[in-house]
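> Below is a structure I'd like to ask you about.
Number of protein chains: 4
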Amino acid sequence: MKVIFIGDIVGSPGRDIVEEHLPLIIEKYNPDLIVANGENAAGGKGLTPKIADELFELGIEIITMGNHVWDKKELYPMLESDLRIVRPANYPDAAPGKGYTTVKIDGKNLLIINVSGLVYLDNLNCPFKAVEEILNNVTYDYAIVDMHGEATSEKLAMGWFLDGKVSAVLGTHTHVQTADHRVLKEGTLYITDVGMTGPYDGIIGVEKEVVIDKFISKMPARFTVLTDRPYQLNAVFLDLNEKIITPIRIVE
Amino acid sequence: MKVIFIGDIVGSPGRDIVEEHLPLIIEKYNPDLIVANGENAAGGKGLTPKIADELFELGIEIITMGNHVWDKKELYPMLESDLRIVRPANYPDAAPGKGYTTVKIDGKNLLIINVSGLVYLDNLNCPFKAVEEILNNVTYDYAIVDMHGEATSEKLAMGWFLDGKVSAVLGTHTHVQTADHRVLKEGTLYITDVGMTGPYDGIIGVEKEVVIDKFISKMPARFTVLTDRPYQLNAVFLDLNEKIITPIRIVE
Amino acid sequence: MKVIFIGDIVGSPGRDIVEEHLPLIIEKYNPDLIVANGENAAGGKGLTPKIADELFELGIEIITMGNHVWDKKELYPMLESDLRIVRPANYPDAAPGKGYTTVKIDGKNLLIINVSGLVYLDNLNCPFKAVEEILNNVTYDYAIVDMHGEATSEKLAMGWFLDGKVSAVLGTHTHVQTADHRVLKEGTLYITDVGMTGPYDGIIGVEKEVVIDKFISKMPARFTVLTDRPYQLNAVFLDLNEKIITPIRIVE
Amino acid sequence: MKVIFIGDIVGSPGRDIVEEHLPLIIEKYNPDLIVANGENAAGGKGLTPKIADELFELGIEIITMGNHVWDKKELYPMLESDLRIVRPANYPDAAPGKGYTTVKIDGKNLLIINVSGLVYLDNLNCPFKAVEEILNNVTYDYAIVDMHGEATSEKLAMGWFLDGKVSAVLGTHTHVQTADHRVLKEGTLYITDVGMTGPYDGIIGVEKEVVIDKFISKMPARFTVLTDRPYQLNAVFLDLNEKIITPIRIVE
Ligand SMILES: [Fe+2]
Ligand SMILES: [Fe+2]
Ligand SMILES: [Fe+2]
Ligand SMILES: [Fe+2]
Ligand SMILES: [Fe+2]
Ligand SMILES: [Fe+2]
Ligand SMILES: [Fe+2]
Ligand SMILES: [Fe+2]
């Protein structure tokens with residue numbers, strides 16, 4: 127079972143570089159499934175049905191989200207109706223959408239879970255308990271967890287907590303790929319952050335001048351996705367049977 | 127001008143792997159200077175004069191710090207007196223120690239600055255202004271900034287803010303090396319986080335069971351540095367003239 | 127049904143002024159029950175069995191807690207065994223202790239709940255859901271909720287959320303009594319914070335010089351409960367049948 | 127020297143109740159100056175020139191601000207040009223506006239300073255140092271500090287820090303008046319929070335249903351100022367010579 131997981135796609139630059147490089151990635155890795163984090167696909171802030179459909183047309187089959195899941199209200203009905211989009215599982219039950227989905231590939235159930243860390247992020251339900259409950263109630267042969275979080279400690283804790291229970295724990299949210307991809311002791315594939323997919327010369331996808339100015343002036347600012355080239359694509363290739371995790375990092 | 131910068135050394139495992147591998151690294155890269163972040167060198171929490179001396183004996187020539195700088199009171203006089211230890215420059219003036227130091231190598235002044243990010247960390251003085259003030263008042267040929275911070279956005283902002291003004295901006299604090307080492311547009315060497323040096327199978331250096339339990343139980347816990355092998359060493363090699371940044375990542 | 131609720135008792139000054147004034151308060155208000163928040167009763171940090179017993183001997187019948195509940199490990203068994211001490215109900219199930227207790231007075235069940243806000247405090251379970259679940263599962267004639275929280279918005283939200291469902295929502299934690307005691311529309315008695323009981327000339331109970339110095343120097347400091355006179359006692363008198371809430375504020 | 131200080135005016139309900147009651151307050155207290163915190167006067171979020179002028183027409187002579195100072199861009203030029211509006215003094219120098227103003231009354235200089243706490247708020251410059259610098263550089267006979275902050279500890283620390291150096295330290299921002307108005311040891315008048323001026327049955331001025339729902343659902347929500355009666359006016363009367371601070375709390 128081979129999977130490509132693409133890190134947070136940011137705006138049109140993210141979609142463009144996916145369009146350009148995904149065919150080559152498919153050719154090279156021959157994946158059974160392509161997953162992407164899409165929480166920043168719509169202008170950096172959330173996702174719309176239109177852009178979700180664009181991502182599906184590009185070949186992405188499952189979209190995970192994160193703290194930006196509620197940025198666009200027009201997405202809410204699609205979160206409910208479209209099984210291909212998952213939002214963090216640890217939002218309260220009443221929130222639209224669901225925190226996991228399953229895909230049947232060659233007779234095997236591949237479970238994809240999205241969950242949010244709590245450290246420096248919103249006060250949601252316990253992510254550890256949320257994932258545990260899904261694992262206890264869903265039948266799966268393979269499971270991939272997108273742990274959307276800020277703190278390295280919390281993502282590593284999730285990796286070790288799930289070691290041996292899921293196929294892979296992949297961090298997202300910081301928009302910078304980490305160099306610590308590995309196989310944990312009981313066989314779970316792990317990386318603290320997959321990184322982002324979008325502009326390369328900005329600050330986590332955004333035009334840098336405004337961000338720097340905000341840090342110095344302490345005044346609010348409106349961020350804009352940088353559209354200048356080059357772009358970057360950050361992803362991981364996972365071979366769930368052979369226990370291989372290979373980072374993919376393209377700048378062009 | 128060639129420099130080795132070693133990421134946050136955590137406890138005796140960190141010191142042990144430095145002892146084992148630094149001679150090989152020196153042989154391979156032939157650096158003019160060896161710098162290390164030592165904020166976790168004493169049992170994971172701060173630094174003591176005794177352990178600072180141990181690090182100097184291992185060949186480390188300059189020690190930078192971070193948010194753990196005040197963990198051991200016995201260090202305070204040494205922060206004042208020993209020019210080889212620098213703490214974040216953006217603490218108030220009354221705090222012991224200083225935020226930068228200079229080293230003369232082959233007639234050139236190499237300036238080393240330590241500064242702390244503010245996002246998700248303490249409310250210190252503005253790190254951007256603090257660095258700017260040092261750069262405006264100190265004569266230097268080369269400058270390396272250890273930007274000790276949590277948020278990727280703030281570290282990237284510091285990188286771009288200083289691009290062309292300093293030789294390198296190196297992030298520390300998250301204890302996980304990032305895969306984004308690069309040369310910025312105006313020639314500054316950059317990496318979001320150098321990563322940590324210490325145990326490999328813990329959670330940012332600490333025994334994993336206690337951390338996981340704390341995240342789930344929400345109850346306080348006392349963390350202990352993991353001493354089991356393997357250990358990891360994370361560092362970067364910098365060639366400040368040739369504009370080269372090479373990550374070093376050893377697990378053993 | 128008449129109740130005295132005493133705000134966070136801080137150290138020996140808090141216990142002393144309770145000892146001096148509680149007899150007079152009892153004489154004046156003739157309460158059926160005396161409740162106190164005891165999270166700072168042991169030297170400002172948590173509670174011990176010995177000091178809990180001291181509070182019981184002073185006439186306090188139920189002790190509620192807050193974020194300091196885990197400061198003293200020796201309290202954990204007593205949290206489990208002694209029905210007179212309640213800790214925030216929204217800690218995970220595995221935590222020692224329980225989040226509510228009931229007292230039978232004149233054939234009526236008085237339910238006392240302790241719950242913690244999440245804003246600027248720990249990421250616990252949802253306090254609104256936690257209280258709702260208790261109310262749905264416990265038989266009660268009267269209910270008092272100690273909402274231990276920082277943000278006024280969250281405490282007011284709890285007040286309005288429970289308006290008509292409980293007898294009283296009393297905020298604690300900020301250590302400063304608010305002037306907004308009132309009867310909400312559906313009859314629930316409410317105050318955003320009852321205030322603290324302990325030294326008067328410190329900073330929320332602590333010697334002021336150290337706190338000021340910490341805010342300015344940004345360096346860690348060890349806080350000590352101020353023992354100089356005068357002391358203050360902050361409490362509320364509640365008449366649950368007559369829908370009366372009367373603040374008590376003694377400085378001596 | 128007698129002053130009325132009105133706590134955070136929220137939206138049109140806040141302006142309405144000021145209009146209705148300020149004449150009576152003036153008649154009763156005969157103040158030399160009327161100051162109000164106006165950071166929420168424009169629909170709960172910031173201030174506009176039009177609404178600032180409305181407040182001036184109502185008789186308010188000086189407007190202080192807080193963390194909402196940047197909500198309305200159209201205010202920025204007025205922050206620069208109009209000496210009657212002050213924003214927190216501890217924003218970086220480059221920010222529009224100024225952190226203090228002086229008013230000459232009967233030949234005496236009354237200095238009004240606005241400053242923001244840092245705890246749970248933005249990472250600004252040190253508020254203690256910022257106020258100290260103003261006091262060291264401005265000639266004044268009386269000084270009133272609006273300490274806009276969340277944490278009771280930080281506001282109390284400011285009070286004690288300035289005790290004997292200024293006439294009054296008045297907290298704002300939590301929108302709930304505290305019951306701890308007092309004269310500090312060296313004569314400074316103090317209250318932790320003056321409270322808000324606007325709707326009475328909302329949550330710090332906002333319609334309660336949306337706030338409760340947000341706390342429970344963890345989803346973003348758009349807040350609206352409650353316009354139903356009754357309204358509340360929270361203020362303090364200060365007699366700077368006689369060392370008197372009297373809370374004013376009107377609900378109607
Ligand atoms: Fe993202
Ligand atoms: Fe995110
Ligand atoms: Fe560290
Ligand atoms: Fe650190
Ligand atoms: Fe307390
Ligand atoms: Fe507390
Ligand atoms: Fe306000
Ligand atoms: Fe405010």
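Just so you know, the protein sequences line up as chains A, B, C and D, in that order. Each residue of the first sequence is one higher than the one before, counting from 127 in my numbering. Each residue of the second sequence is one higher than the one before, counting from 127 in my numbering. Each residue of the third sequence is one higher than the one before, counting from 127 in my numbering. Each residue of the fourth sequence is one higher than the one before, counting from 127 in my numbering. Cβ atoms here follow ideal geometry from the backbone N, Cα and C, with glycine treated the same way.
#1: Considering Cα atoms alone, identify which of D:F254, D:I338, D:M127 and D:E145 is closest to Y155 (chain D).
#2: Compare the beta carbon distance of L181 (chain B) and A162 (chain B) with 8 Å and say whether it is the shorter of the two.
#3: For V264 (chain C), which three-state DSSP category applies?
#4: Quick one: is L366 (chain B) near chain D, going by C-beta distance under 8 Å?
#5: What is the rounded straight-line gap between the Cα of M322 (chain A) and the Cα of H299 (chain A)?
#6: Check whether the stretch 356-367 of chain C touches the stretch 308-320 of chain C, counting contact only when three or more Cβ pairs, one atom from each stretch, lie closer than 8 Å.
#7: Closer than 8 Å between beta carbons: that is the criterion. Which residues of the stretch 279-291 of chain C meet it against chain E?
#8: Could you pull the start and end residues of the beta strand (DSSP E) that V129 (chain B) belongs to?
#9: Report, in whole angstroms, the separation of the C-beta atoms of I330 (chain A) and L282 (chain B), which I expect to be a contact under 8 Å.
#10: Is D197 (chain B) near G172 (chain B), with beta carbons less than 8 Å apart?
#11: Compute the Euclidean distance between the alpha carbons of D354 (chain B) and G185 (chain C), then round it to the nearest angstrom.
#12: Can you check whether the CB of F254 (chain C) is closer than 8 Å to the CB of F287 (chain C)?
#13: Is there at least one Cβ from chain B nearer than 8 Å to Y107 (chain A)'s Cβ?
#14: With a threshold of 7 Å on Cβ separation, who are the neighbours of Y326 (chain B) within its own chain once the five nearest residues in sequence on each side are excluded?
#15: Residues of chain A with CB closer than 9 Å to the CB of P218 (chain C), please, in chain order.
#16: Report the three-state DSSP secondary structure of R141 (chain C) (helix, strand or coil).
#17: May I have a chain-ordered list of the alpha helix (DSSP H) segments no shorter than 4 residues that lie completely inside the stretch 277-314 of chain B?
#18: Please name the residue, chosen from B:V336, B:L237, B:T265 and B:E259, that lies closest to V295 (chain B) on a Cα-to-Cα basis.
#19: In chain C, which residues lie with their C-beta within 7 Å of the C-beta of N163 (chain A)?
#20: Along chain B, which residues have their Cβ under 7 Å away from the Cβ of F341 (chain A)?
#21: Using a Cβ-Cβ cut-off of 8 Å, state whether D179 (chain B) counts as contacting chain C.
#22: Can you tell which of B:V212, B:T304 and B:E312 has the C-alpha that lies nearest to the C-alpha of K369 (chain B)?
#23: Compute the minimum distance between the beta carbon of E145 (chain D) and the heavy atoms of ligand 8, and state whether it is under 7 Å.
#24: What does DSSP give as the partner residues of T323 (chain A) in its beta bridges?
#25: Let me know the beta strand (DSSP E) ranges lying completely inside the stretch 168-192 of chain C, each 3 residues or longer, listed in chain order.
#26: Does the beta-carbon of D134 (chain D), which I'm using as the reference point, lie nearer than 7 Å to any heavy atom of ligand 7?
#27: According to the neighbour-count rule (16 or more other Cβ atoms, all chains shown, within 10 Å of its Cβ), is G233 (chain A) buried or exposed?
#28: Could you tell me whether any Cβ in chain C is nearer than 8 Å to the Cβ of A107 (chain D)?
#29: Less than 8 Å between C-beta atoms, sequence neighbours within five positions excluded: which residues of the same chain meet that for E276 (chain A)?
#30: Should E206 (chain D) and P218 (chain D) be called a contact, given that it needs their Cβ atoms to be closer than 8 Å?
#31: Just to confirm, are N240 (chain A) and M191 (chain A) a CB contact at a threshold of 8 Å?
#32: Are V264 (chain A) and A215 (chain A) closer than 8 Å when you measure CB to CB?
#33: Should N166 (chain B) be listed as close to ligand 3, given that the test is whether its C-beta is under 7 Å from any heavy atom?
#34: Verify the contact flag: G328 (chain A), CB atom, against every heavy atom of ligand 1, threshold strictly below 7 Å.
#35: If the cut is a Cβ gap below 7 Å, which residues of chain A does R375 (chain B) touch?
#36: To the nearest angstrom, how far is it from the Cα of R213 (chain D) to the Cα of V144 (chain D)?
Straight from the coordinates:
#1: D:M127
#2: yes
#3: coil
#4: no
#5: 8 Å
#6: yes
#7: In the structure shown, chain E cannot be found, because the protein chains are A, B, C and D.
#8: K128 to I132
#9: 6 Å
#10: yes
#11: 53 Å
#12: yes
#13: A question about residue 107 (chain A) goes unanswered here, because the residues of chain A that appear run from 127 up to 378.
#14: P356, Y357, Q358 and V377
#15: C252 and K255
#16: helix
#17: 278-288
#18: B:L237
#19: Result: empty, since nearest Cβ-Cβ is about 22 Å, beyond 7 Å.
#20: F254, E280 and A283
#21: no
#22: B:E312
#23: no
#24: A:I135
#25: 188-190
#26: yes
#27: exposed
#28: In the structure as shown, chain D begins at 127 and stops at 378. Residue 107 (chain D) is therefore absent and cannot be evaluated.
#29: G243, V245, Y246, L247, H299 and T300
#30: no
#31: yes
#32: no
#33: yes
#34: no
#35: A305
#36: 21 Å
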